[in-house]
Amino acid sequence: MSDATFYNWRKKFGGVGRTQLAENKALEKENARLERIVVDLELDKLIPQETLDYLKPKA
């Protein structure tokens, strides 16, 4: 482990107890799940719009 990695880790988690670490990990996991949902919803919205654009008569 590099010194920079260690110091970044210590700055982020230095004064954090086990309970807070577990809570942080759970929040990070939930955030990742929600980000995936947002991406899926954006794609679900984009595909029909692209289809409509393709099917519109060209002027």
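Using UniProt numbering, the letters of the sequence shown map in sequence onto residues 1 to 59. Virtual Cβ for every residue (Gly too), placed ideally from N, Cα, C.
Membership of residue 45 in the alpha helix (DSSP H) is indicated by the continuous run 18-55. Judged by DSSP secondary structure, residue 58 falls outside any alpha helix (DSSP H); it is assigned neither H nor E. If you ignore the 5 residues before and after residue 21, its C-beta comes within less than 8 angstroms of the C-beta of 13, all in its own chain and listed in chain order.
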